[in-house]
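Quick note on numbering: the UniProt record's numbering labels position 83 of the sequence shown as 83, and the sequence is numbered without any gaps.
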Amino acid sequence: MDKNIYTTFDKIKDRTAKEIYLKQKAKVIWFTGLSGSGKTTLASMLEKRLFELNYFCQILDGDNVRSGINKNLKFTEEDRMENIRRIAEVSKLFMNCGIILICAFISPTREMREMAKEIIGEDDFLEIFVDTPIEICEQRDPKGLYKKARSGEIKNFTGISSPFEVPNKPFLVVDNTNPNMEDTVRNMTKKIIPEVRFDPTPIL
Numbered sequence: 001m002d003k004n005i006y007t008t009f010d011k012i013k014d015r016t017a018k019e020i021y022l023k024q025k026a027k028v029i030w031f032t033g034l035s036g037s038g039k040t041t042l043a044s045m046l047e048k049r050l051f052e053l054n055y056f057c058q059i060l061d062g063d064n065v066r067s068g069i070n071k072n073l074k075f076t077e078e079d080r081m082e083n084i085r086r087i088a089e090v091s092k093l094f095m096n097c098g099i100i101l102i103c104a105f106i107s108p109t110r111e112m113r114e115m116a117k118e119i120i121g122e123d124d125f126l127e128i129f130v131d132t133p134i135e136i137c138e139q140r141d142p143k144g145l146y147k148k149a150r151s152g153e154i155k156n157f158t159g160i161s162s163p164f165e166v167p168n169k170p171f172l173v174v175d176n177t178n179p180n181m182e183d184t185v186r187n188m189t190k191k192i193i194p195e196v197r198f199d200p201t202p203i204l
C-alpha cells in the first residue's frame, strides 16, 4: 500500500455492527457462467425473493459495471482481470456495510474467480455456477452476441474464441434449462438462507 494512503476503517462502525442493524450476514453471491446462461435473470429473481424475506441486497452485473466504474476497460485478458479485481474490491466495500452482494459476471477463468475469492474472503464468497449448455445460450442470445462472435465481429468471446473454465468446487451448481425458473430460485434460496441468516427465522 502507498505510504501516503491512510485508511479509516478503524474509525467507522465495523461490519458486525451493521450486520446486527440489518439482521443479516453480509456475503457475496457470485454467479458465473456463459453469456446468455441466465445469470442476471436469476440474480434479479434471487434479489426479489431475498427482499421479500427482509434481506437487503445489491446486484452488480456486467452491464451496469461496464457502463460506469469499468467503462474504460476493454475485453483483453488483462482488462478482464482488472474488471473482476475492481468488482471484488467494490463488493468488499458493500460487505463492510453489511449488505449482501449478488454479482453476475461471466468471470470465465478459475484464476479470475480465485482472485475475487481471495479479495472478498473465502468464507464470504458463494460461487454459483449457472450450468447452461452453449447451444441453449446461443438460442437465447438476446443481444445477438454469439452471432457476431461466430462471424468474427466480436473477438475474445467466451465460449467461442475464448475459453470458459468450469468451477472446480462451486457453492452451488444451477441447471438453468428448467423452464420453471421460480423452482430454480426457490431451491437456490433454501441453500443461501443459512449462509446469510443472522437470526434463525423460518423460510417462508
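From the three backbone atoms N, C-alpha and C, an ideal C-beta is built for every residue, glycine too.
Computed from a prediction, not measured in an experiment: that's the story for all the values here.
In the DSSP assignment, Q58 is bridged to L101. For the pair F164 and P108, the CB atoms are nearer than the 7 angstroms cut-off. Within the same chain, and ignoring the five residues on either side of C137 in sequence, the residues whose Cβ sits closer than 6 angstroms to its Cβ are L34, G36 and S37. CA-to-CA, the gap between K18 and A43 works out to about 23 angstroms. Residue pairing for L172: DSSP places it in a beta bridge opposite I128.
If you draw a straight line from the Cα of A116 to the Cα of N178, it comes to about 29 angstroms. DSSP lists R197 as the beta-bridge partner residues of Q24. Counting C-beta pairs with one atom in each stretch, the stretch 88-104 and the stretch 138-155 have fewer than three that are closer than 8 angstroms, which means they do not touch. Taken through DSSP and simplified to helix, strand or coil, T158 comes out as strand.
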